[in-house]
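Peer 1: Counted the way our numbering counts, the sequence shown spans residues 282 to 347.
Cβ atoms here follow ideal geometry from the backbone N, Cα and C, with glycine treated the same way.
Okay, handing you the structure first.
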Amino acid sequence: MIYQPTELSLEQEFHLKSFADQVQHMSRKQAQEFLIMLHEQMMIRETMYRHFLRHEWNLDSGTVFK
């Protein structure tokens, strides 16, 4: 499988700029807490994707999926 980088849509670029502006106004402590929360949300999303793929691919619960 060949990796092809994807580009952000115009809407995604706008959201990224908005996010960057928001982070610039945070204190260091706020930014650290926010980063931890974002990481947790990414982990939850990854778990949801795994669950969805297991269900869609009809994998049994004993299958190791990393």
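(1) What is the DSSP secondary structure of His-306, reduced to helix, strand or coil?
(2) Using 8 Å for Cβ pairs, my map puts Leu-297 next to Leu-289. What's the rounded Cβ distance?
(3) Please report the straight-line C-alpha distance between Phe-295 and Gln-305, rounded to a whole angstrom.
(4) Would you report the Cα separation of Glu-337 and Met-324, rounded to the nearest angstrom?
(5) Assign Thr-287 to one of three DSSP states: helix, strand, or coil.
Peer 2: Let's see:
(1) Coil at His-306, not helix or strand.
(2) Confirmed, Cβ separation roughly 7 Å.
(3) Computed Cα separation, rounded: 15 Å.
(4) Here the alpha carbons of Met-324 and Glu-337 stand approximately 20 Å from one another.
(5) DSSP places Thr-287 in coil when its eight states are reduced to three.
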